[in-house]
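Colleague: Going down the list, the sequences are from chains A and B. For the first sequence, the working numbering assigns the number 20 to the initial residue and increments by one for each residue that follows. For the second sequence, the working numbering assigns the number 3 to the initial residue and increments by one for each residue that follows. Here a beta-carbon is modelled for each residue, glycine too, at the ideal position from N, C-alpha and C.
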Amino acid sequence: MTSRLIFLMAIATGISILISWGKTQTLTGAEILKNVDENQYSRSKIAVSRMIIHRRRGSRTVEAKTSIRGADTSFTEYLAPVREKGTKMLKLGDKLWMYSPSTDRTIMISGHMLRQSVMGSDLSYEDMMEDHRLENLYDAKVSALDTLDGRSCWILDHTTKKEEIAYFSRKIWVDKDRFIMLKENRYAKSAKLLKTTKIRDVEKIDRRWVAKSVLFKDVLKQGEETEFILDSIQFDVPIPDFLFSKAALRK
Amino acid sequence: MNIRKSILRGRIPKKSGEILIGDEFAGKLNVQPGNIATLITSSMFGSMSMTNFTIVGTVRFGAAAMDRGAMLADISDIQNAQDMHDSAGEILGFFSDEIYHNKLAEKITESFNTRHVSDDQFSPQMETLPNRSGMADYLNMLGSYTGIILFAFVVILSIVLWNAGLMGSLRRYGEIGVRLAVGEEKGHIYKSMLLETIMIGIIGSTLGTALGVAISYYLQIKGVDISFIMKNTTMMISNVIRAHVTPISFIIEFIPGLLATFLGSAISGIGIYRRQTSQLFKELEV
Chain A
20 MTSRLIFLMA IATGISILIS WGKTQTLTGA EILKNVDENQ YSRSKIAVSR MIIHRRRGSR
80 TVEAKTSIRG ADTSFTEYLA PVREKGTKML KLGDKLWMYS PSTDRTIMIS GHMLRQSVMG
140 SDLSYEDMME DHRLENLYDA KVSALDTLDG RSCWILDHTT KKEEIAYFSR KIWVDKDRFI
200 MLKENRYAKS AKLLKTTKIR DVEKIDRRWV AKSVLFKDVL KQGEETEFIL DSIQFDVPIP
260 DFLFSKAALR K
Chain B
3 MNIRKSILRG RIPKKSGEIL IGDEFAGKLN VQPGNIATLI TSSMFGSMSM TNFTIVGTVR
63 FGAAAMDRGA MLADISDIQN AQDMHDSAGE ILGFFSDEIY HNKLAEKITE SFNTRHVSDD
123 QFSPQMETLP NRSGMADYLN MLGSYTGIIL FAFVVILSIV LWNAGLMGSL RRYGEIGVRL
183 AVGEEKGHIY KSMLLETIMI GIIGSTLGTA LGVAISYYLQ IKGVDISFIM KNTTMMISNV
243 IRAHVTPISF IIEFIPGLLA TFLGSAISGI GIYRRQTSQL FKELEV
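Below is the structure:
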């Protein structure tokens, strides 16, 4: 009796694994991308992070607290080092403002300034301005399967839906089980590789898989790379409306 | 740069955080001495940097490109603004004679870069003047124009002096005839004429060189203001052009003067050997 029960349970488990496997095998690029976006999207979140900018002559750590609402509204306050402390950035839709406490000036970052590096890192303001939902920007299709750090991945090739976009195409490696991006290459229209991203550590927080440590590299830039470390994150927390206003920059 | 004399409004910076800006630039920004200006730049690490300065005066640099957008600040203020303490982005080097020697510069650059350039983005790298953006064309153009003008002047003046030598000998036709008639050797006459020419050439060239060098030296010190033709230039070059007296100036001025007169006399003097003694009496109407 017991052996029959074990046998039936094994068959049931096998069928469920097969169904789940079959399901993941038949997902289209758009569906995978939607799942990736859903995993990282929340109504609001507050994160404290460190950005370690590695250079040949040493490293520099920039700490920041970021409050994000939806996909295109965020407020960042830099906490360290001393030179950057108190610098704030506000992103409202397609506009980005920066406040410098030492000069008590707020400037709107636009045009060629968007291509400048954020705090000397391998990220640009343009990267910060991107819509967090990739499905809004790109069409994706599964181009291959791969194994990355022992995890099965889909390789998704992205082509842009819009003309004016920082990266014409992207190639991302998505963890099949966790629907989180593990690696990304960003390309120019000429197919020249511009930036690479590698997720080094993933952790489950509030039912979501979150990248805790990420390596960014601007391929066109001299120097080493930028390490992004997420120290803490809270999802779906209330954030006062005032924070997402220009007045909050001077507070 | 003669900054003190170039200040149009305000004063020279006296403490940290004070700057001078071009008068034209100040007009464009509609700012006055006493106003605060924010410099938005990037640090040596690539991050955006904003720094406040107090404008204490406006200045006319005399170079159109600087007048349109330059500011003068204490170097430590700029180092602070760009987070580059105890470092510099560019250092200009000059040869001891203040003249650019490209071949020597290339040799020094190659030797320096072999020793110092590495993958480090901050490793010092030396560049020759033509390697700087747009400077190669400018230097080539300058070199070509200088060569053409110099060559043209030397040729024209040599022809004039040569002609003077020729005419000098031709006009002494009668004198040479008399000297031949009284029995002087043709070779002796020819040699004495050449000796005369050399002496006149040396004296004339010395005086001419002295005068030319004196005028050049005056232009070296005072210069010529060409701002009226530099209004729309974007290159940061001085509006005052100057002559420069170098050892080669003496050679260029002296040698052609001496050679042209000498050659003129030497060629015209050959005519002495063609004179026939039988015709001398007829020519001299004896």
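Looking at the structure shown, is B:Phe264 part of a helix, part of a strand, or coil, going by DSSP?
Modeller: helix
Colleague: Using a beta-carbon distance below 7 Å, is A:Thr125 in contact with chain B?
Modeller: no
Colleague: Does A:Tyr97 come out as helix, strand or coil in the three-state DSSP assignment?
Modeller: It is a strand residue.
Colleague: Go ahead and label A:Asp123 buried or exposed: buried means 16 or more other beta carbons lie within 10 angstroms of its beta carbon, across all protein chains shown.
Modeller: exposed
Colleague: Taking B:Lys7 as the reference, which of B:Gly64, B:Lys16, B:Gly19 has the closest Cα?
Modeller: B:Gly64
Colleague: Go to B:Gly71, then tell me how far its alpha helix (DSSP H) extends in each direction, as first and last residue.
Modeller: Its alpha helix (DSSP H) spans residues 66–71.
Colleague: At 7 Å on the CB atoms, spell out the chain B contacts of A:Met138, in chain order.
Modeller: Ser49
Colleague: In chain B, what lies closer than 9 Å to A:Met117 by C-beta?
Modeller: Met50, Met52
Colleague: In chain order, which continuous runs of the beta strand (DSSP E) of length 3 or greater are located wholly inside the stretch 76–128 of chain B?
Modeller: none
Colleague: Residues of the stretch 106–125 of chain B with a CB closer than 8 Å to any CB of chain C: list them in chain order, please.
Modeller: Although the question refers to chain C, the structure presented lacks it and instead comprises the protein chains A and B.
Colleague: Exposed or buried, what is B:Glu92 when buried is set at 16 or more other beta-carbons lying within 10 Å of its beta-carbon?
Modeller: exposed
Colleague: State yes or no: is the beta carbon of A:Thr122 nearer than 7 Å to at least one beta carbon in chain B?
Modeller: yes
Colleague: Taking all protein chains shown into account, decide if B:Thr236 is buried (16 or more other Cβ within 10 angstroms of its Cβ) or exposed.
Modeller: Model confidence at B:Thr236 stands at a pLDDT of 49, short of 50, so the residue's coordinates are unreliable; what they give is reported in the following sentence. With fewer than 16 other Cβ atoms within 10 Å, it is exposed.
Colleague: B:Met52: buried (16+ other C-beta within 10 angstroms of its C-beta) or exposed?
Modeller: buried
Colleague: Below 8 Å, can you find three or more Cβ-Cβ pairs linking the stretch 109–116 of chain A to the stretch 13–31 of chain B?
Modeller: Judged by Cβ distances under 8 Å, the stretch 109–116 of chain A makes no contact with the stretch 13–31 of chain B, as fewer than three pairs qualify.
Colleague: With 16 as the cutoff for other CB atoms within 10 Å, does A:Tyr144 come out buried or exposed?
Modeller: With 16 or more other Cβ atoms within 10 Å, it is buried.
Colleague: What's the gap between the Cα of B:Asn37 and the Cα of B:Glu26?
Modeller: 16 Å
Colleague: Tell me which residue opens and which closes the beta strand (DSSP E) that A:Lys240 is part of.
Modeller: First-last for A:Lys240: undefined, no H or E at that position.
Colleague: In the DSSP output, which residue or residues are listed as bridge partners for B:Lys7?
Modeller: According to DSSP, B:Lys7 bridges with nothing at all.
Colleague: At 3 residues or longer, and completely inside the stretch 22–71 of chain B: list those beta strand (DSSP E) runs for me, N to C.
Modeller: 38–44, 50–61
Colleague: Check distances from the C-beta atoms of the stretch 16–50 of chain B to those of chain A and list, in chain order, the residues that come in under 8 Å.
Modeller: Within the stretch 16–50 of chain B, Thr40, Ile42, Ser44, Ser45, Phe47, Gly48, Ser49, Met50 place their CB atoms closer than 8 Å to a CB of chain A, listed in sequence order.
Colleague: Show which residues of chain A have a CB atom less than 7 Å away from the CB atom of B:Asp85.
Modeller: Result: Arg102.
Colleague: Under the three-state reduction of DSSP, which class applies to A:Gly105: helix, strand or coil?
Modeller: When secondary structure is reduced to three states using DSSP, A:Gly105 falls in the coil class, being assigned neither helix nor strand.
Colleague: What residue range is occupied by the uninterrupted alpha helix (DSSP H) comprising B:Ala245?
Modeller: From DSSP, B:Ala245 is part of no alpha helix (DSSP H); its letter is neither H nor E.
Colleague: Going by C-alpha to C-alpha distance, which of A:Phe94, A:Lys181, A:Met200 sits closest to A:Ile51?
Modeller: A:Met200
Colleague: Does the Cβ of B:Leu182 have 16 or more other Cβ atoms within 10 Å, making it buried, or fewer, making it exposed?
Modeller: buried
Colleague: Check for me: the beta strand (DSSP E) holding B:Ala212 runs from which residue to which?
Modeller: Element bounds for B:Ala212: not the beta strand (DSSP E) but the alpha helix (DSSP H), 188–224.
Colleague: For A:Met138, which three-state DSSP category applies?
Modeller: coil
Colleague: Run through DSSP, which three-state label would B:Asn241 get?
Modeller: Secondary structure at B:Asn241: coil, using DSSP grouped into helix, strand and coil.
Colleague: For B:Asp122, which residues of its own chain have a beta-carbon under 7 Å away from its beta-carbon, when the five flanking residues on both sides are left out?
Modeller: none
Colleague: Quick check: the Cα distance between A:Ser162 and A:Thr47, rounded to an integer number of angstroms?
Modeller: 10 Å
Colleague: Quick check on A:Arg134 - is its C-beta less than 7 Å from some C-beta in chain B?
Modeller: no
Colleague: Which value, in whole angstroms, describes the spacing of the CA atoms of B:Gly266 and B:Tyr220?
Modeller: 32 Å
Colleague: Give the DSSP-derived three-state secondary structure of B:Tyr1 in the structure shown.
Modeller: A question about residue 1 of chain B goes unanswered here, because the residues of chain B that appear run from 3 up to 288.
Colleague: Given that a residue counts as buried once 16 or more other Cβ atoms are within 10 Å of its Cβ, and exposed if not, what is B:Asn32?
Modeller: exposed
Colleague: Out of A:Gln135, A:Gly139, A:Val256, A:Leu156, state which residue places its alpha-carbon closest to the alpha-carbon of A:Glu182.
Modeller: A:Leu156
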